[in-house]
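Some notes on the structure that comes next.
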Amino acid sequence: MRDDETLSGYLTRLLELVNQMKGYGEDLSKGRLVQKLLISLTKEFDPVCYVIEQTKDIETIEVQKVIAALRGFAQHLDRHAESTTEKAFSSMSINQKGSQSNSGSGNNKSKKNWKSKGKKWDSKPQNIANQGGKHVHGEKSDQAKGKCKHCDKLHYGECWFKGKPKCYGCNRFGHLIKDCEQSNKTERLANLASKVTEPATLFYACHSATIGRNVNVWYVDSAYSNHMTAHEYLLIDIDRSVNCKVKMGTSDLVQSIGKGTLAIDVQGVTRYIREVMIVPGLDENLLSGGQMIEHGHWLVFGDNEVDIYEDKQLKELIARVEMKGNRCFPLDLKYVNPPMVNRATFREPSWLWHRRFGHLNYISLKLLQEKDMVHGLPKLQEPKKICSGCAIGKSHRSSFDKEKAWRASQPLELVHSDICGPMQTITLGGNRYFLTFIDDHTRMCWVFFLQYKSQAFNIFKKFKNMVELQSGYQIKKLRSDRGGEYTSLEFSKFCEEMGLERQLTVAYSPQQNEVAERKNRTVMEMARTMMHEKKIPLKFWAEAVNTAVQN
């Protein structure tokens, strides 16, 4: 802050600089901005800065609260200066009055009669004589305050401001309006406000009234801090990590959603306009003159047009834009690719088969292709890009260390079972659980959906009758956890009558039933990834689970 600069002018200049930094992607924290504001003020603001630093947390205090405190302190300083000046003038008037009254003592001297507007202040002159060593005063007349023609105030004696010039800007004496600091200060603030607000307001008013909107038209102006557009599909190489607020001509703040690159065709040559901000709701496409200068271009304004050159040699002319009737410079650009081409996508075979098999990992896909287990499966290459559906749907903890487990030698010799649920979303059929049965020998899996866990016993009886009839084998062992649906009296009694061996896991040891637990996790991962990518409502999770099991 300069010594001759006002607080309002400095704050305007500082906030404008901060907005420019945010527009270029610089993220300024509250603490950094407040600290910069406090250490950059002049010496007269040291008391309020010291109080703020000692009583407030610089890292969390709002910038607007600091600015409000500084403005209040500045107003106190201004009022203190004004009251001091008025007191000084008032004391001078009193001293003048006293000196006039005291100067009347002496031998054979009469007090001068003051006149105002042709009227005497004293009805009779006061004669002062010295008789016998004593002062004898004549008859004292009544005096009354008269309105002074110089300062328009009521006072006694000669006006202190007589013969001094009066400023018609601040109504004070001793200087003219051309030398008045307060008038110049007000004029500077008015000019600054007009520079900040008028261009944006006039631009939108004139343009809306004269020119129809065209997506190919970009307006060149030095008032914009960044290239900006609301049409995201015009850009390539979009970076979503760049988010900042853009101040509009109406002082509204609009959140940008990223920046990208604009590819244009200039005289058969492809050129790129980089760092174009995406601002939703923006009516027009804007080209910043300052940003083009930063990228090495030269802009020459004059003769009702602006010439854009490649470099400072001014030899290669890129574009010449004529000024229209509303004092704007519209530049009609030709894009390299049509907007719809930028939105087209190419389906790679690897991604297609990855989705077809329920987001199966690429190691397993390569194994299917090498062993020719799937007809028509081409040779696939693992893409470098990470699948978003797999990243969200396959999050899990690391597995436990395990030794080689026993495997069944024939179908239905050992069946694994587990219930998954309850789900937060109820299916269209009113189900909240699903029950799986896995054959240890063939790893064949069956899935059933339940409304309540108590239905598990009836479903198991149906499953037993179905698989034994279709396969010709009988279930010999059933492995499950110690859930109430498996340890009920009727379930235990049924297994004893059928001669089934029960294998119940130890409490809080799900790894002992790892086949069923991992199968449920695999099924849920496939269902979540398919639903996430296709944006299917959660109420269809049963259909997704059934599809995953069938795969």
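For the sequence shown, my numbering assigns the number 182 to the initial residue and increments by one for each residue that follows.
Beta carbons: idealized from backbone N, C-alpha and C, even for Gly.
Model, not experiment: these values are computed from the prediction.
Under a three-way DSSP split, which group does residue i fall into?
i, result
"Arg452", "strand"
"His556", "coil"
"Gln541", "The residue you asked about is not Gln; residue 541 is Leu in the sequence shown. Residue state, collapsed to three classes: coil."
"Asp418", "strand"
"Gln632", "coil"
"Lys237", "coil"
"Glu503", "strand"
"Trp587", "coil"
"Leu681", "coil"
"Val232", "helix"
"Gly350", "coil"
"Gly212", "helix"
"Leu219", "helix"
"Gln605", "coil"
"Asp185", "coil"
"Val730", "helix"
"Cys626", "strand"
"Leu514", "coil"
"Gln655", "coil"
"Lys547", "helix"
"Tyr191", "helix"
"Asp360", "helix"
"Leu434", "strand"
"Ser673", "helix"
"Trp722", "helix"
"Trp399", "strand"
"Ser531", "helix"
"Lys428", "strand"
"Val687", "coil"
Nearest by alpha-carbon distance to residue i: which of the options is it?
i, options, result
"Asn466", "Glu724, Ala411, Leu480, Pro592", "Ala411"
"Ala255", "Ser531, Lys224, Val457, Glu243", "Lys224"
"Gly344", "Phe354, Gly350, Gly338", "Phe354"
"Arg588", "Gln605, Ile600, Lys658, Lys715", "Lys658"
"Arg660", "Leu549, Gln692, Ile573", "Gln692"
"Val232", "Leu251, Glu243, Leu434", "Leu251"
"Val460", "Thr608, Thr442, Lys575, Gln436", "Gln436"
"Thr606", "Glu677, Gly350, Glu724", "Glu724"
"Ala500", "Val687, Asp446, Leu188, Gln562", "Asp446"
"Ile239", "Lys547, Leu218, Asn507, Met554", "Leu218"
"Glu186", "Val199, Leu209, Ser221", "Ser221"
"Gly462", "Arg452, Gly441, Lys560, Leu434", "Leu434"
"Ile417", "Met554, Thr442, Asn395, Asp184", "Thr442"
"Phe817", "Asn701, Lys565, Tyr654", "Coverage of the chain is limited to positions 182 through 732, which leaves residue 817 absent and any answer about it impossible."
"Leu719", "Val244, Tyr689, Thr608, Gly653", "Thr608"
"Asn397", "Asp464, Leu357, Gly338", "Asp464"
"Gln562", "Gln591, Trp532, Gly449", "Trp532"
"Gly212", "Val244, Arg683, Cys361", "Val244"
In angstroms with no decimal places, state the Cα-to-Cα distance between residue i and residue j.
i, j, result
"Asn612", "Ala637", "13 Å"
"Arg536", "Val481", "55 Å"
"Leu335", "Leu258", "28 Å"
"Gly570", "Lys515", "37 Å"
"Arg663", "Gly602", "15 Å"
"Lys552", "Glu207", "54 Å"
"Leu498", "Glu486", "13 Å"
"Ile567", "Ile573", "11 Å"
"His597", "Phe618", "6 Å"
"Cys340", "Asn352", "16 Å"
"Arg622", "Met679", "The sequence shown places His at residue 622, not Arg. Taking the straight line joining both Cα atoms gives about 21 Å."
"Lys715", "Trp534", "15 Å"
"Pro511", "Glu503", "8 Å"
"Val726", "Met705", "7 Å"
"Met182", "Tyr191", "6 Å"
"Ala697", "Phe615", "12 Å"
"Ile717", "Met604", "16 Å"
"Leu195", "Ser189", "10 Å"
"Ser576", "Val517", "42 Å"
Strictly by DSSP, which residues pair up with residue i?
i, result
"His331", "Note: His331 sits in no beta bridge, so no partner."
"Ser598", "Phe618"
"Thr442", "Ile417"
"Met409", "Met458, Leu467"
"Ile717", "Looking at the DSSP assignment, Ile717 forms no beta bridge with any residue, so it has no partner."
"Phe482", "Val487"
"Val447", "Val450"
"Leu498", "Tyr490"
Exercise for the section: Please determine if the region 400-414 and the region 469-476 are in contact, where contact requires at least 3 C-beta pairs separated by less than 8 Å. Expected result: Contact between the region 400-414 and the region 469-476 is present: three or more C-beta pairs spanning the two stretches fall below 8 Å.
Handout entry: Cβ pair count under 8 Å reaching 3, the region 632-648 against the region 666-678
Key = Touching, per the Cβ criterion.
Problem - Stretch pair the region 530-545 + the region 709-718: three plus CB contacts closer than 8 Å - result: They touch, by the three-pair rule.
Problem - Cβ pair count under 8 Å reaching 3, the region 410-425 against the region 197-206 - result: They touch, by the three-pair rule.
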